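According to this note's numbering, the residues represented by the sequence shown are 12 to 380, in order. Here a beta-carbon is modelled for each residue, glycine too, at the ideal position from N, C-alpha and C. A quick note: this is a predicted structure, and the numbers were derived from the prediction, not measured. Before any comments, here is the structure.
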Amino acid sequence: MNSLCAARESVRRLLLRSLAEKLPLMLVDEAIIHVRSGAGGNGVSLFRREKSIQKGGPDGGDGGRGGHVILIGDSHLDTLIEYQHRPHHFAKDGEHGSRKRSHGADAPDLFLKVPLGSVLRDLESDELVADVVEDGQQVIVATGGKGGWGNDRFKTATHQAPTECTPGGDCIERSLRIELKLIADIGFVGLPNAGKSTLLCATSRAHAKIGAYPFTTRKPQLGIAELSGDRRIVLADIPGLIEGASEGAGLGHDFLRHIERTKAIVHVLDIAPLDGSKPIDNYRTIRAELHAFSPALAEKHELVVFSKIDLVPEGERAKRVKRLATEIGLNKDDSPVVISAATGEGMRELLERAYAMVKGERPPEEWRR
12 MNSLCAARES VRRLLLRSLA EKLPLMLVDE AIIHVRSGAG GNGVSLFRRE
62 KSIQKGGPDG GDGGRGGHVI LIGDSHLDTL IEYQHRPHHF AKDGEHGSRK
112 RSHGADAPDL FLKVPLGSVL RDLESDELVA DVVEDGQQVI VATGGKGGWG
162 NDRFKTATHQ APTECTPGGD CIERSLRIEL KLIADIGFVG LPNAGKSTLL
212 CATSRAHAKI GAYPFTTRKP QLGIAELSGD RRIVLADIPG LIEGASEGAG
262 LGHDFLRHIE RTKAIVHVLD IAPLDGSKPI DNYRTIRAEL HAFSPALAEK
312 HELVVFSKID LVPEGERAKR VKRLATEIGL NKDDSPVVIS AATGEGMREL
362 LERAYAMVKG ERPPEEWRR
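Here you go:
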């Protein structure tokens, strides 16, 4: 029996590769950047030197301001990969003052674009710097140094020939961790190998690496599911959770934080696990970890999906589905969606019900059980 199930699982993986357009949408969800603002230009100590004026007064100008480093939210970005390859970003210094009380030019600010959903933390202190959630939102992460004063600033009625001037303000150098929390309509959650990556490929224009071992998906994967008309939903395959994830086991914190901003959860449950585990125990494990990490997370709308139904003999399917739904406590209003990503069974129902859940609508009549 186990060899038959394993063979079916192999066939499943072959079939799913032709079910969706393979667009790689792997999300680089964390980056560390090193930024430095510009130093202020120095003020200068100079005196007028003209033929017609033998004792010229102070003539030194102020220095210009150093450039700020500013992070700006950009709705067109969905990855931090640029900063993986180029982590160092330095603004220019302000220009020094000059004679004729000329003010040194301020340096231009350095703008760094980040995707919406980026959380900025100081790398050294882990202090929250900002949460970038709006398009065009600007956050100054390193302030440019002020320009120094030229000696003309120090002239008074009793101090007609000052020689004092001040240097420009120092630059600010710091390192930041940028974490990108996915902004998706639906987050697929479940134990490793529950079938989430297969489901994402079969329902959307995405392609996730698939294999029969835990943590095949090590980074969140994004896909877009197109429904009829102009309806669509953004799906996220969250890497598989394990018991203890809320305490950091199996990269649990990294995985769980991505679920926080999804509008709803699709809980993918393998109805015929090859490892001999009980589906009800697997369901309870995930629910317990969600609640332990954040009670608010556990309160999100949830649609339960029984996956890999094609691995269950046809004569046993209805009985097994009913028994598991009863064990979970599902009723007519929140009945499970029974699917096979390999054969396509239940996929349309899943998308229609997921879309309705996100939009707060009732699903079309034909998808109500």
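Inset, instruction - Report yes or no: do the stretch 48-64 and the stretch 165-182 share at least 3 C-beta pairs separated by less than 8 Å? - result: yes
Inset, instruction - Below 7 Å CB to CB, which residues in the same chain sit around K289 once its five sequence neighbours on both sides are set aside? - result: As a first step, residue 289 is located in the sequence shown; it is residue number 278 there, counting from the start. Excluding sequence neighbours, K289 sits near nothing in its chain.
Inset, instruction - Reducing DSSP to helix, strand and coil, say where Q95 ends up. - result: For the purposes of this step, residue 95 is identified with residue 84 of the sequence shown, where counting begins at 1. In this structure, Q95 counts as helix in the three-state DSSP scheme.
Inset, instruction - Pick helix, strand or coil for A367, following the three-state DSSP scheme. - result: Taking the first residue of the sequence shown as position 1, residue 367 is located at position 356. Note: A367 maps to helix in three-state DSSP.
Legend entry - Contacts around H107, its chain only, beta-carbon distance under 7 Å, and the 5 residues preceding and following it disregarded: Sequence index remark: in the sequence shown, residue 107 carries index 96 (1-based). Around H107: G52, N53, V55, G74, G115.
Legend entry - For P203 and L381, the rounded distance between their alpha carbons: Outside the shown range of the chain, which is 12 to 380, sits residue 381, and nothing can be said about it.
Inset, instruction - Go ahead and label R47 buried or exposed: buried means 16 or more other beta carbons lie within 10 angstroms of its beta carbon, across all protein chains shown. - result: Numbered from 1 along the sequence shown, position 36 holds the residue referred to as residue 47. So R47 ends up on the buried side.
Legend entry - Exposure of D163, with buried meaning 16 or more beta-carbon neighbours within 10 Å: Working through the sequence shown from its first residue, we reach residue 163 at position 152. Classification for D163: buried.
Legend entry - Pairwise C-alpha distance: I276 and R132: For this step, residue 132 is matched to residue 121 along the sequence shown. For this step, residue 276 is matched to residue 265 along the sequence shown. Straight-line Cα distance between these residues: approximately 27 Å.
Legend entry - Where A329 falls, given that 16 or more other Cβ within 10 Å makes a residue buried: The residue you call residue 329 lines up with position 318 of the sequence shown. Answer is exposed; the Cβ neighbour count stays below 16.
Inset, instruction - Confirm, please, whether the CB-CB distance from L123 to I91 is below 8 Å. - result: Locating residue 91 in the sequence shown gives position 80, where the first residue counts as 1. Locating residue 123 in the sequence shown gives position 112, where the first residue counts as 1. Position check: residue 91 holds Leu in this sequence, whereas Ile was assumed. The answer is no: Cβ separation not under 8 Å.
Legend entry - First and last residue of the uninterrupted beta strand (DSSP E) at K330: Within the sequence shown, the letter at position 319 stands for residue 330. Not the beta strand (DSSP E): K330 falls in the alpha helix (DSSP H), residues 325-339.
Inset, instruction - Using alpha carbons as the reference points, say which of K111, V143, P69 lies closest to L88. - result: Here residue 88 is taken as the residue at index 77 of the sequence shown, counted from 1. The shortest C-alpha separation from L88 is found at V143.
Inset, instruction - Could you tell me whether any non-hydrogen atom of the ligand MG is closer than 7 Å to the CB of V245? - result: What this structure holds is no ligand at all, so the ligand MG is not there to describe.
Inset, instruction - Can you tell me which of the three DSSP states I400 falls into? - result: Because the chain is modelled from 12 through 380, residue 400 falls outside the range shown and cannot be assessed.
Legend entry - Three-state secondary structure assigned by DSSP to L301: To locate residue 301, count along the sequence shown from 1; it is residue 290. It is helical.
Inset, instruction - State buried or exposed for T273, treating a residue as buried only when at least 16 other CB atoms are found within 10 Å of its CB. - result: To locate residue 273, count along the sequence shown from 1; it is residue 262. Buried is the call here.
Legend entry - Where R242 falls, given that 16 or more other Cβ within 10 Å makes a residue buried: Counting from one through the sequence shown, the residue named residue 242 turns up at place 231. R242 comes out exposed.
Legend entry - Residue burial classification, K1 (beta-carbon count within 10 angstroms, cutoff 16): The chain is shown only over 12 to 380; residue 1 falls outside these bounds and no answer can be derived.
Legend entry - C-alpha gap between A256 and L341, whole angstroms: Counting from 1 along the sequence shown, the entry for residue 256 is found at position 245. Counting from 1 along the sequence shown, the entry for residue 341 is found at position 330. With a pLDDT of 38 at A256, under the threshold of 50, the predicted position of this residue should be treated as unreliable, though the coordinate-derived value follows. Taking the straight line from one Cα to the other gives about 25 Å.
Inset, instruction - For K124, name the three-state secondary structure that DSSP assigns. - result: By one-based count along the sequence shown, residue 124 stands at place 113. If DSSP states are grouped into helix, strand and coil, K124 belongs with the strands.
Legend entry - Burial state of D117, where buried means 16 or more other Cβ atoms lie within 10 Å: Position 106 of the sequence shown holds residue 117. Buried, by the Cβ-count rule.
Inset, instruction - Pull up the CB-CB distance for G78 and G155, whole angstroms please, since I reckon it's below 8 Å. - result: The sequence position of residue 78 within the sequence shown is 67, counting from 1. The sequence position of residue 155 within the sequence shown is 144, counting from 1. G78 to G155, Cβ: 5 Å. Contact.
Inset, instruction - Pick out whichever of V316, V369, K370 has its Cα sitting closest to the Cα of V349. - result: For the purposes of this step, residue 349 is taken as the residue at position 338 of the sequence shown. When each option's Cα is compared against that of V349, the closest is V316.
Inset, instruction - Compare the Cα-Cα distances from G68 to each of V80, A247, T169 and report the closest residue. - result: Mapped onto the sequence shown, residue 68 falls at position 57. Residue T169 is the option with its Cα nearest to G68.
Inset, instruction - Report buried or exposed for E61, applying the criterion of at least 16 other Cβ atoms within 10 angstroms of its Cβ. - result: For the purposes of this step, residue 61 is taken as the residue at position 50 of the sequence shown. Answer is exposed; the Cβ neighbour count stays below 16.
Legend entry - Residue environment, S239, which counts as buried when at least 16 other CB atoms sit within 10 Å: Looking up residue 239 in the sequence shown gives position 228. Classification of S239: exposed, given that the 10 Å Cβ count is below 16.
Inset, instruction - With DSSP as the reference, label A236 as helix, strand or coil. - result: Numbered from 1 along the sequence shown, position 225 holds the residue referred to as residue 236. Three-state result, A236: strand.
Legend entry - Rounded C-alpha distance that separates I244 from R331: By one-based count along the sequence shown, residue 244 stands at place 233. By one-based count along the sequence shown, residue 331 stands at place 320. Near 30 Å, if we compare the C-alpha coordinates of R331 and I244.
Inset, instruction - May I have the straight-line CA-CA distance separating R76 from R185, to the nearest angstrom? - result: For the purposes of this step, residue 76 is taken as residue 65 along the sequence shown, with counting starting at 1. For the purposes of this step, residue 185 is taken as residue 174 along the sequence shown, with counting starting at 1. One C-alpha to the other measures close to 19 Å.
Inset, instruction - Indicate whether I189 and I282 have their beta-carbon atoms separated by less than 8 Å. - result: Locating residue 189 in the sequence shown gives position 178, counting from the first residue. Locating residue 282 in the sequence shown gives position 271, counting from the first residue. No, the Cβ-Cβ distance between I189 and I282 is not below 8 Å.
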